[in-house]
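Contents: one structure, followed by commentary.
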Amino acid sequence: DGGITQSPKYLFRKEGQNVTLSCEQNLNHDAMYWYRQDPGQGLRLIYYSQIVNDFQKGDIAEGYSVSREKKESFPLTVTSAQKNPTAFYLCASSIRSRYGYTFGSGTRLTVV
Amino acid sequence: QQQVKQSPQSLIVQKGGIPIINCAYENTAFDYFPWYQQFPGKGPALLIAIRPDVSEKKEGRFTISFNKSAKQFSLHIMDSQPGDSATYFCAASKGSGNTGKLIFGQGTTLQVKP
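Just so you know, the protein sequences line up as chains A and B, in that order.
Counting in the working numbering, the final residue of the first sequence is number 112, and the numbers go up one at a time with none missing.
Counting in the working numbering, the final residue of the second sequence is number 226, and the numbers go up one at a time with none missing.
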């Protein structure tokens with residue numbers, strides 16, 4: 001079955017560390033997105049990519065970085081510059097000809 | 113103009129009740145209005161969606177009502193069940209596929225009591 005796989009499900013980061021969240025899709029979708037979810041704040045867009053080797057900043061890109069070297073993969077790095085990284089991170093993808101997204105099951109990142 | 117405002121933030125109903133969640137938007141270029149359902153620890157899943165050329169869409173117990181002139185749309189859950197307890201997000205976008213970035217509301221946490 002096609003879908004989006006996010007890993008790991010839980011991730012713990014020490015102060016000053018960079019961590020990378022994985023997002024892989026086998027849906028042959030063109031666009032991929034990263035959202036951050038905090039209680040009471042909905043889904044906030046971090047970065048998105050419409051084609052390979054191209055990506056754009058979303059509303060809260062500071063302290064994050066991404067790459068899109070393959071159509072199937074869109075990893076997100078949470079850098080030490082992100083001062084409050086504890087959150088639930090969601091990856092999504094969409095196809096050119098259709099509306100709406102398919103979401104992964106999320107990664108919960110906690111700073112320890 | 114890019115915001116989607118959702119209310120209420122939380123909602124508690126008895127089993128069999130009809131919870132209603134409302135959303136409002138400003139950008140008249142939006143042409144796709146989905147609702148997503150999210151269970152704790154999971155990613156959101158598409159529940160139902162509407163285009164602005166219709167005023168109502170039903171899928172099972174879920175109904176979207178759309179008021180283009182007021183720039184509002186709402187989700188109604190008929191005969192609600194405890195299994196409907198989840199967080200619901202409305203969203204809006206203009207265009208499909210790669211250009212159709214979804215703008216999400218803040219979410220509504222629904223609890224359906226047995």
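Virtual Cβ for every residue (Gly too), placed ideally from N, Cα, C.
It should be emphasised that the depicted structure is a prediction, and the values quoted were computed from it without experimental measurement.
I want to see whether chain A comes within less than 8 Å of B/F178, judged by CB atoms only; does it? With 8 Å as the cut-off, B/F178 does not count as an interface residue toward chain A.
Cβ separation of A/Y107 and A/L45, assumed to be a contact under 8 Å, to the nearest whole Å: The identity of residue 107 of chain A in the sequence shown is Thr, whereas the question assumes Tyr. Contact flag wrong, Cβ pair sits at about 16 Å.
Just tell me which of B/Q223, B/S119, B/A203 has its CA closest to the CA of B/P156. B/A203
Assigned exposure category for A/Y10 - 16 Cβ within 10 Å defines buried: exposed
Per DSSP, the bridge partner or partners of A/D54: A/I51
Do you know whose CA, among A/V19, A/K83, A/Q6, lies nearest A/N26's CA? A/Q6
Where B/P228 sits in the DSSP three-state scheme: Only positions 113 to 226 of chain B appear in the structure, and residue 228 of chain B is not among them; the question remains open.
Going along the segment 130-155 of chain B in order, which residues come within less than 9 Å of chain A, judged by CB to CB distance? Close to chain A, meaning a Cβ-Cβ distance shorter than 9 Å, are the following residues of the segment 130-155 of chain B: D143, Y144, P146, Y148, Q150, G153, K154, G155.
Just how far apart, CA to CA, sit A/E72 and A/D30? Taking the straight line from one Cα to the other gives about 9 Å.
Around the C-beta of B/F151, are 16 or more other C-beta atoms found within 10 angstroms, so that it is buried, or is it exposed? exposed
Proximity test, Cβ basis, 8 Å: A/G89 and chain B: Here residue 89 of chain A is Tyr; the residue named in the question, Gly, does not match the sequence. Not closer than 8 Å to any Cβ of chain B, the Cβ of A/Y89 fails to qualify, so no.
How would you list, in chain order, the residues of chain A whose beta-carbon sits under 8 Å from the beta-carbon of B/K213? Residues of chain A passing the Cβ test: Y33, L45, Y48.
CA-to-CA distance, A/C91 to A/T79, given in whole angstroms: Going by C-alpha positions, A/T79 is about 17 Å away from A/C91.
Would DSSP call A/N26 helix, strand or coil? coil
For the beta strand (DSSP E) that A/T77 lies in, which residues bound it at each end? 76-78
Hey, out of A/G100, A/S65, A/Q50, A/G42, whose CA is closest to A/A116's CA? Examination of residue 116 of chain A is not possible in this model, given that chain A is present from 1 through 112 alone.
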